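The structure under discussion appears below in the form of structure tokens.
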Amino acid sequence: MQVSNEGVQGLLDALVDRLIEQGFVRTPRVEQAFRAIPRHLFVPGVPLEKAYSEEAIVTRRNPEGLPTSSSSMPAIMAAMIEQLDVQSGQRVLEIGAGTGYNAALLAYLVGLEGRVATVEIDADVADEARDHLRQAGFPQVRVVTDDGWFGSPEDGPFDRIEATVGVWDLSPRWVEQLHAGGVLVAPLWLRSGLQAAVALRKENSHLRSESVEPCGFMRLRGPGKGPEEYVTVGEWSIAVDEVSSSSLQVLREILQTAPRVEEAPTLPRGWQTYFRLDEPEAVSLTRNEDWRHGLIGVFDPEARSLAGVEGRPGAQNSRVVVFGGGHALSRLKEALARVVELELRRLRIHAFPRGVSAAPRPQRWVVERPHFTFVIENP
Ligand SMILES: C[S@@+](CC[C@H](N)C(=O)[O-])C[C@H]1O[C@@H](n2cnc3c(N)ncnc32)[C@H](O)[C@@H]1O
153 MQVSNEGVQG
163 LLDALVDRLI
173 EQGFVRTPRV
183 EQAFRAIPRH
193 LFVPGVPLEK
203 AYSEEAIVTR
213 RNPEGLPTSS
223 SSMPAIMAAM
233 IEQLDVQSGQ
243 RVLEIGAGTG
253 YNAALLAYLV
263 GLEGRVATVE
273 IDADVADEAR
283 DHLRQAGFPQ
293 VRVVTDDGWF
303 GSPEDGPFDR
313 IEATVGVWDL
323 SPRWVEQLHA
333 GGVLVAPLWL
343 RSGLQAAVAL
353 RKENSHLRSE
363 SVEPCGFMRL
373 RGPGKGPEEY
383 VTVGEWSIAV
393 DEVSSSSLQV
403 LREILQTAPR
413 VEEAPTLPRG
423 WQTYFRLDEP
433 EAVSLTRNED
443 WRHGLIGVFD
453 PEARSLAGVE
463 GRPGAQNSRV
473 VVFGGGHALS
483 RLKEALARVV
493 ELELRRLRIH
503 AFPRGVSAAP
513 RPQRWVVERP
523 HFTFVIENP
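The sequence shown stops at residue 531 when you use my numbering, and every number in between is there.
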């Protein structure tokens, strides 16, 4: 299909208008950047309607069919670029070049006085990103083929670092390569599939969040990848923090049995976030054919029991679904009695290098990772 330049600009403008309306694009500078850069140049061969839709566009899959590279959802890209608060003249590092589209937006924002480097682990993806960036008029962006877990010391130090791939921990190299007062934005896996894009400002002894946004990213690959996984069991995809083969085997077995169903209690807004942070045995499952259809609940491998509150698109009432024995159901009920309303965007997250002690604070959860301890507050 041949579409005129005006036609393409119309599709792009309509997408940006929607991003503004939905509150993802918030500042005139980010709006200008989005209006100036045609997304279709970064996803050649994709129909224009799709290139200018809100969808993530998968560009590579592994032999199992799971996505390994994509152009992320424009809404999440916009929200994270707003979080990053890029100023002209700055030096910016991106982890995960993918198609190069996000790097082009960053290059527009820093202008010719600034510099953008982006690191991509797959050589062929990096080659394509270079081509796209050249064709879109951003040949100055340096695309480095390497493992982004180590940053890019020869291009730093940086004022801003953005990971566009999901992480389980922060790389100490990123923090070393970030100027004092600089901002790092990363999609951080908190617990049992709960991910959040966290903007962290580097202070003296630690990093402190300035904003938190909901997100869902594919995982970082290489040695920096954590033990967390999405595991497929039959029709379910299960988010697990640590894979233990014996408990997975129990899950496989009980998910094949017929579930019992009962009515769920009325729950406060954002209960899923509170629950996953607060309940050590929390588990989240989504149906492979529709990620909006899932269960969040408790799994007790010893008691061979799983109970979860079901979320179904378009469903009026929630239900509790129980597989195996009743132990997980009692535990779920106790945990649900504790949940309070929680807005993910209001969380405050502190990242302390391991070994630096964190002062006790009220209403907090602590997530320990090999390099950083994350203290999460619900103010
Ligand atoms: C969601 S895509 C990034 C989207 C991209 N910023 C864009 O605008 O198209 C994630 C990318 O991270 C890359 N990636 C995964 N692990 C990586 C690593 N350790 N270092 C660098 N890149 C990595 C993947 O190959 C993939 O291209």
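Glycine included, each C-beta is placed from N, C-alpha and C at the ideal position.
What you are looking at is a predicted structure, and each value in this text was computed from that prediction instead of being measured.
Note down the Cα distance separating E272 from L447, rounded to an integer number of angstroms. 34 Å
For L400 versus G386, is the C-beta distance shorter than 8 Å? no
Assuming R126 contacts G303 (C-beta within less than 8 Å), just tell me the rounded distance between them. What is shown of the chain runs 153 to 531, which leaves residue 126 out entirely.
Under the three-state DSSP convention, the category T211 falls into: strand
Rounding to the nearest angstrom, what Cα-Cα distance links V238 and P215 in this structure? 37 Å
Quick one: using the 10 Å Cβ neighbour count with 16 as the cut-off for buried, is Q161 buried or exposed? exposed
Take P305 as the anchor and find which of L245, L261, L340 has the nearest alpha-carbon. L245
At which residue ranges does the region 455–489 contain complete beta strand (DSSP E) runs of 3 or more residues, listed in the order of the chain? 457–463, 471–476
Could you work out which residue in W301, R212, S344, Q292 is closest to V519 when comparing CA atoms only? S344
DSSP state of M153 mapped onto helix, strand, coil: Any reading at M153 must be qualified, since the residue scores a pLDDT of 47, below 50, and its modelled position is unreliable; the value itself is stated next. Three-state DSSP puts M153 in coil, outside helix and strand.
Spatial neighbours of M153 within its chain, please: CB distance less than 8 Å, with the 5 preceding and 5 following residues excluded, ordered by chain position. The predicted position of M153 is uncertain, since its pLDDT is 47 and thus under 50; no value can be drawn from it.
R497 Cβ short of 7 Å to ligand 2 heavy atom set: Ligands present in the displayed structure are limited to ligand 1, and ligand 2 is not among them.
For I189, does the three-state DSSP call read helix, strand or coil? coil
Which of helix, strand or coil does DSSP assign to F504? strand
Between P505 and N157, what straight-line distance do the alpha-carbon atoms span, to the nearest angstrom? 50 Å
So who's on the other strand from T525, going by DSSP bridges? F504, E520
Opposing strand residues paired with T270 [DSSP bridges]: E246, V295
Enumerated in chain order, which unbroken segments of the alpha helix (DSSP H) with a length of 4 residues or greater are wholly contained in the region 386–452? 397–406, 423–430
Where does the unbroken alpha helix (DSSP H) through D276 begin, and where does it stop? 275–287
With DSSP collapsed to three states, give me the class of L322. coil
Looking only at its own chain, which residues have a Cβ that is under 8 Å from the Cβ of A166, when we skip the five neighbours before and after it? Y204
If you run the structure through DSSP and keep just helix, strand and coil, what is R178? coil
Option in G476, V317, S357, L330 with minimal Cα separation from A338: V317
Which of helix, strand or coil does DSSP assign to V262? helix
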